[in-house]
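Here is the structure we will look at.
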Amino acid sequence: MKLTRNLSFEELCAKLADYKGRKVALTFHSIGDRDGVGSATALAEYFDNAVVVTPDFITNNAKRMLEYTGKTKYVGNDFPRDCELLIVLDANNVDVLGKFREELKRFQGELLFIDHHLPHEDIKGEVVAFNSESYNSASSIVCAVLRSLKAQVTKNMAFLLLNGVIADSAGLNNAFPQTFRQIADLVETSGTSFSFINEYFHSSVPVRNRYETVMDIREAGSEIAGNYVLMYGRATEHANVVADAAMELGADAAVFWAMTDREATLSARLRPPLDQKLGIHLGKFMEGVAGIVGGTGGGHACAAGAYGSRREEAQNAGQAVLQKIREKMGNSRQ
Numbered sequence: 031m032k033l034t035r036n037l038s039f040e041e042l043c044a045k046l047a048d049y050k051g052r053k054v055a056l057t058f059h060s061i062g063d064r065d066g067v068g069s070a071t072a073l074a075e076y077f078d079n080a081v082v083v084t085p086d087f088i089t090n091n092a093k094r095m096l097e098y099t100g101k102t103k104y105v106g107n108d109f110p111r112d113c114e115l116l117i118v119l120d121a122n123n124v125d126v127l128g129k130f131r132e133e134l135k136r137f138q139g140e141l142l143f144i145d146h147h148l149p150h151e152d153i154k155g156e157v158v159a160f161n162s163e164s165y166n167s168a169s170s171i172v173c174a175v176l177r178s179l180k181a182q183v184t185k186n187m188a189f190l191l192l193n194g195v196i197a198d199s200a201g202l203n204n205a206f207p208q209t210f211r212q213i214a215d216l217v218e219t220s221g222t223s224f225s226f227i228n229e230y231f232h233s234s235v236p237v238r239n240r241y242e243t244v245m246d247i248r249e250a251g252s253e254i255a256g257n258y259v260l261m262y263g264r265a266t267e268h269a270n271v272v273a274d275a276a277m278e279l280g281a282d283a284a285v286f287w288a289m290t291d292r293e294a295t296l297s298a299r300l301r302p303p304l305d306q307k308l309g310i311h312l313g314k315f316m317e318g319v320a321g322i323v324g325g326t327g328g329g330h331a332c333a334a335g336a337y338g339s340r341r342e343e344a345q346n347a348g349q350a351v352l353q354k355i356r357e358k359m360g361n362s363r364q
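Going by the numbering used here, the first residue of the sequence shown is number 31, and it counts up by one from there.
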């Protein structure tokens, strides 16, 4: 596919307004998280005739988010062949769309990507996109769009968007000024609180999972590179959770990898503003090593990940990312 052009924000709003009364479908990346599911489900409320579908399944946290809003059966699994517009949120290439990749080859409608990650240069097919790293999440983009369109944001929509914005904020470390304004508005509209959102999902994590995270951190490697602390290693199950935990402990950067029954997953984190100071973009690093695990990768400057079918290469890919970070940090001077 060929990315014909990146829409301006005004063009994005105009396109969505044009499709308001037409048949629209919304989806997100494989194994949809709170940002992908939340932004898609909230934006679907804007249209008169819209469905939300997943390429495979969604995370437990995304399910719990939908349970709170009473939309547990809202997300379907069948590809919407008859829709006029398919909106893909929280993704900017077809490689992360699971079984929908083959369906898209026969899709006759228009395809639109809305994402906040580093754009992929090798996107395949003729599509248009709004792809901007000036937003911390797809939910933040949707929030801005709905505000611009003067659309009503219900209590449930606000809860969904609030979840997405918070979940992708890396503990607010990659938040922008508009992110905080949006959080304040969404908290007020949803009738919840910032602390409630955090506790709602923390309390749902089984004690065994929390224990595994603690043990993974205990077994992790650590070192000093230049004037910075690196943490890295294998995660029992969720590499992103362990990477976040390492950052909370004081690491300047963290790289963790995991092997499930089906694939290898990698996750990396960096303390802002070291991305600008050291010239590091974790999204580019992950995109570069994705081939090692036979999959895809990408993300933000300070938070990124990759996954692929070559489980046995997880550590090699993780070490490759780690070495890139190590070189940047080792060559730095304060």
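All C-beta atoms, glycine included, are put in the ideal place defined by N, C-alpha and C.
Assigned secondary structure, residue i (DSSP; H/G/I helix, E/B strand, else coil)
i      : result
Asn346 : helix
Arg264 : strand
Ala275 : helix
Arg299 : strand
Phe206 : coil
Leu127 : coil
Gln364 : Any reading at Gln364 needs caution, since the residue's pLDDT is 47, under 50, leaving its predicted position unreliable; the model's value is listed next. DSSP places Gln364 in coil when its eight states are reduced to three.
Met31  : Unreliable positioning characterises Met31 in this predicted model, as indicated by a pLDDT of 42, which lies under 50. A coordinate reading is not provided.
Arg356 : helix
Ala121 : coil
First and last residue of the uninterrupted beta strand (DSSP E) at residue i
i      : result
Tyr104 : Where Tyr104 is concerned, there is no enclosing beta strand (DSSP E), given that its DSSP letter is neither H nor E.
Glu163 : Looking at the DSSP string, Glu163 is not in any beta strand (DSSP E), and its letter there is neither H nor E.
Val326 : Strictly speaking, residue 326 in this sequence is Thr, with Val absent from that position. Taken as a continuous stretch (DSSP letters only), the beta strand (DSSP E) holding Thr326 covers Gly325 to Gly329.
Phe143 : Glu140 to Asp145
Gly335 : Ala333 to Gly338
Start and end residues, alpha helix (DSSP H) containing residue i
i      : result
Ala284 : Segment Ala283 to Met289 is the beta strand (DSSP E) holding Ala284; no alpha helix (DSSP H) there.
Leu407 : Since the first residue of the chain shown is 31 and the last is 364, residue 407 is not available in this structure.
Gly318 : Leu312 to Val319
Asp198 : That residue, Asp198, is in no alpha helix (DSSP H); it is neither H nor E in DSSP.
Asp305 : Leu304 to Leu308
Length of the line joining the Cα atoms of residue i and residue j
i      : j      : result
Ala344 : Ala294 : 5 Å
Gly335 : Asn270 : 8 Å
Gly328 : Glu218 : 33 Å
Ala159 : Leu176 : 17 Å
Phe39  : His59  : 22 Å
Lys180 : Ala174 : 10 Å
Pro440 : Ile88  : With the chain running from 31 to 364 in the structure shown, residue 440 is simply not present.
Phe189 : Phe130 : 28 Å
Ala47  : Leu37  : 14 Å
Val186 : Thr99  : For clarity, residue 186 is Asn in the given sequence; the question names Val instead. Those two C-alpha atoms are separated by around 6 Å.
Gln364 : Lys307 : Bear in mind that a pLDDT of 47 at Gln364, under 50, signals an unreliable position, so the model cannot answer this.
His330 : Gly201 : 14 Å
Phe137 : Tyr241 : 45 Å
Asn122 : Asn257 : 35 Å
Thr266 : Asn107 : 29 Å
Gly338 : Ser220 : 37 Å
Lys32  : Val244 : A caution first: Lys32 carries a pLDDT of 43, below 50, which makes its placement in the model too unreliable to give a value.
Q: Could I get the ranges of all uninterrupted beta strand (DSSP E) runs contained in the segment 38 to 98, with 3 residues as the minimum, in chain order?
A: Counting only runs of 3 or more, we get 53 to 58 and 79 to 83.
Q.
Check whether the segment 48 to 66 and the segment 77 to 96 touch, using three or more Cβ-Cβ pairs below 8 Å as the test.
A. Contact between the segment 48 to 66 and the segment 77 to 96 is present, because at least three Cβ pairs lie under 8 Å.
Q: Please confirm if the segment 345 to 360 is in contact with the segment 255 to 270, defined as three or more CB-CB distances below 8 Å between the two stretches.
A: A contact exists between the segment 345 to 360 and the segment 255 to 270.
Q: Note down, one range per segment and in chain order, each alpha helix (DSSP H) of at least 4 residues found wholly within the segment 166 to 193.
A: You should have 168 to 178.
Q) Do three or more CB pairs link the segment 60 to 69 to the segment 189 to 207 at distances below 8 Å? A) In short, these stretches touch, since the Cβ pair count reaches three.
Q | Every unbroken alpha helix (DSSP H) inside the segment 231 to 263 [4 residues or more] | A | Runs of the alpha helix (DSSP H) spanning 4 or more residues and lying entirely within the segment 231 to 263 occur at 237 to 249, in chain order.
Q. Are the segment 207 to 218 and the segment 246 to 255 touching by the rule of at least three beta carbon pairs closer than 8 Å?
A. Contact between the segment 207 to 218 and the segment 246 to 255 is absent, because fewer than three Cβ pairs lie under 8 Å.
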